[in-house]
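Contents: one structure, followed by commentary.
As structure tokens, this is what we get:
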């Protein structure tokens, strides 16, 4: 009886250890994605981009270190546009640039900080800056003034790609990005979403995801995406993805995701917080 009990204990221990290895191996592997257990989502509409990100961060193991983190950073935001400005020369103004990052927290913070500094430098080299709305003329009257654009989302995405690619042979950055913004194409303003991975690859996409959760979210985005999405439909699509992750994904974020909308009129808006305030 004692020998049988020992054999059973050894068998249970062996299969238990094997199961633990199978569960932890995908989490510890760097081959799939630098984002790992974090999730980034992006959807492009006719005149806007919606970004979503989970609000949690884990350490090198399975321990949760933060559950209220905002992973969507505004690199450059000229603020809300007036009606006159939006209908006259909006294509000549600086547009909002937003980036969502996942991966190593130090690499993400350093990369986003460098991108924000470069965007601010280009902005002030082009003119006096987008924070100046009015100037005084010689006749002592106020005249509306709009700073010309210094850099757009496309330029920031290509700069991020260059920085990640150059670091591969020295100190590789373990970070994934979704860069969103409004880009001037001719005299038209079009939304853009750029997908970047830890190897310096870049893609201009209509919708995309980062992290292990992308295995579940991409099928939902494939089924629900359409070119003429409204903002409400895009937000619901992002929420549906995170809801499916909470149902099917083994790792769940304790807090609701952060969802932001980027357009040419209102800049960058925090959708999730607005809806919570309306419910309260």
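Numbering (this note's numbering), first residue to last: -7 to 272. All residues carry an ideal CB built from backbone N, CA and C; glycine is no exception. Values in this document were obtained by computation on a predicted structure and should not be read as measured data.
Reduced DSSP secondary structure (H/G/I, E/B, other) of residue i
{"i": "residue 254", "result": "strand"}
{"i": "residue 172", "result": "strand"}
{"i": "residue 192", "result": "coil"}
{"i": "residue 142", "result": "coil"}
{"i": "residue 44", "result": "strand"}
{"i": "residue 19", "result": "Here the model assigns residue 19 a pLDDT of 45, short of 50, so the residue's position is not dependable, and the following value carries that caveat. The answer is helix: DSSP assigns residue 19 an H, G or I state."}
Residue interval of the beta strand (DSSP E) (run including residue i)
{"i": "residue 181", "result": "180 to 188"}
{"i": "residue 212", "result": "Counting along the chain, residue 212 falls outside any beta strand (DSSP E), though it belongs to the alpha helix (DSSP H) covering 206 to 216."}
{"i": "residue 219", "result": "Looking at the DSSP string, residue 219 is not in any beta strand (DSSP E), and its letter there is neither H nor E."}
{"i": "residue 243", "result": "First-last for residue 243: undefined, no H or E at that position."}
{"i": "residue 93", "result": "89 to 95"}
{"i": "residue 261", "result": "259 to 262"}
Assigned exposure category for residue i - 16 Cβ within 10 Å defines buried
{"i": "residue 80", "result": "Residue confidence is low: residue 80 scores 48 on pLDDT, short of 50, so the model does not pin down where it sits. Its coordinate-derived value is still stated next. Residue 80 should be labelled exposed."}
{"i": "residue 116", "result": "exposed"}
{"i": "residue 96", "result": "buried"}
{"i": "residue 195", "result": "exposed"}
{"i": "residue 99", "result": "buried"}
{"i": "residue 46", "result": "buried"}
Host alpha helix (DSSP H) of residue i (start-end)
{"i": "residue 235", "result": "223 to 240"}
{"i": "residue 148", "result": "145 to 158"}
{"i": "residue 61", "result": "That residue, residue 61, is in no alpha helix (DSSP H); it is neither H nor E in DSSP."}
Inter-residue CB distance, residue i and residue j (contact presumed, cutoff 8 Å)
{"i": "residue 217", "j": "residue 90", "result": "Rounded, the Cβ-Cβ distance is 20 Å, inconsistent with contact."}
{"i": "residue 42", "j": "residue 197", "result": "Contact doesn't hold; Cβ gap of about 13 Å is too wide."}
{"i": "residue 88", "j": "residue 254", "result": "6 Å"}
{"i": "residue 106", "j": "residue 165", "result": "So it is not a contact: roughly 11 Å between Cβ atoms."}
Residues bridged to residue i [DSSP beta-bridge criterion]
{"i": "residue 200", "result": "34"}
{"i": "residue 49", "result": "58"}
{"i": "residue 68", "result": "89"}
Within-8 Å CB hit, residue i to chain D
{"i": "residue 145", "result": "Here chain D cannot be found, since the structure has a single protein chain."}
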